[in-house]
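Colleague: Numbering (my numbering), first residue to last: 298 to 500. No residue lacks a Cβ here, since even glycine has one placed at the ideal position from N, Cα and C. Only a predicted model underlies this, so the values are computations on that prediction, with no experimental measurement involved. My structure is below; once you've seen it, I'll send some questions.
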């Protein structure tokens, strides 16, 4: 591909476009900012919110999520620096930061419940004639398959004990408490959404 340097020099050498032509090239055809690219990337997902200002209120919760995540992060950027980092990177054209900007400067604004529903899951009912039985069954499934998706919440663990009679209501209470929390929010333990999806919803 022809370089920008070559084209800029060529306009001057031809003597017909001059400085004005160079300016058009430089400012009319330069790469988009990372914010523009990110918005284009997520343009069909309206629930994805770009955090382009360090003063946005969502940062209060998202910083805690960021802090607890073990995923790759920008080097030497802790939770107190990430908002400013995003603000600066989104305004830049730093190609090398694009993947990290997509990951840490854009949030899913849905609640855990809404995200599960959008994935064609059904929420286990909180009330109704069959509700108690469904929650007991859900806990039995959880208890036999939890593995790495075991809920570590102390209140839940104390309440569930070892039978579905206590486990069902304990799981229901945990699920209800988490359902309205946001996807960008730290819910008190790792893999919060995966646990909600697996144990609080059904096909």
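Compare the Cα-Cα distances from residue 406 to each of 358, 474, 331 and report the closest residue.
Modeller: Translated into the one-based positions of the chain shown, residue 406 becomes position 109. Answer by Cα proximity: 358.
Colleague: Look at the alpha carbon of residue 377 and the alpha carbon of residue 474, and state the distance between them as a whole number of angstroms.
Modeller: For the purposes of this step, residue 377 is taken as the residue at position 80 of the chain shown. For the purposes of this step, residue 474 is taken as the residue at position 177 of the chain shown. Going from the Cα of residue 377 to the Cα of residue 474 covers about 27 angstroms.
Colleague: So, do the region 475-486 and the region 399-416 have three or more beta carbon pairs nearer to each other than 8 angstroms?
Modeller: At 8 angstroms Cβ cutoff, the stretches touch.
Colleague: Do the region 343-355 and the region 383-390 meet, that is, are 3 or more Cβ pairs less than 8 angstroms apart?
Modeller: At 8 angstroms Cβ cutoff, the stretches touch.
Colleague: CB of residue 463 to nearest heavy atom of the ligand PLP: below 7 angstroms?
Modeller: Looking at this structure, you won't find the ligand PLP or any other ligand, since it has none at all.
Colleague: Please say whether residue 464 and residue 458 have beta carbons closer to each other than 8 angstroms?
Modeller: Taking the first residue of the chain shown as position 1, residue 458 is located at position 161. Taking the first residue of the chain shown as position 1, residue 464 is located at position 167. Their beta carbons are under 8 angstroms apart, which means residue 458 touches residue 464 by this criterion.
Colleague: Where does residue 404 fall in DSSP's three states?
Modeller: The sequence position of residue 404 within the chain shown is 107, counting from 1. Looking at residue 404 - three-state DSSP - the assignment turns out to be strand.
Colleague: Going along the chain, which residues of its own chain have a beta-carbon closer than 7 angstroms to the beta-carbon of residue 344, five neighbours each way excluded?
Modeller: The residue labelled residue 344 in the question sits at position 47 within the chain shown. These residues qualify, in order along the chain: 405, 406, 407.
Colleague: What number of angstroms, rounded off, separates the C-alpha of residue 494 from the C-alpha of residue 418?
Modeller: The residue labelled residue 494 in the question sits at position 197 within the chain shown. The residue labelled residue 418 in the question sits at position 121 within the chain shown. So the alpha carbons of these two residues sit roughly 8 angstroms apart.
Colleague: Count the other C-beta atoms from every protein chain shown that fall within 10 angstroms of the C-beta of residue 449, then say buried if there are 16 or more, exposed otherwise.
Modeller: For the purposes of this step, residue 449 is taken as residue 152 along the chain shown, with counting starting at 1. It is exposed - the Cβ of residue 449 has fewer than 16 other Cβ atoms within 10 Å.
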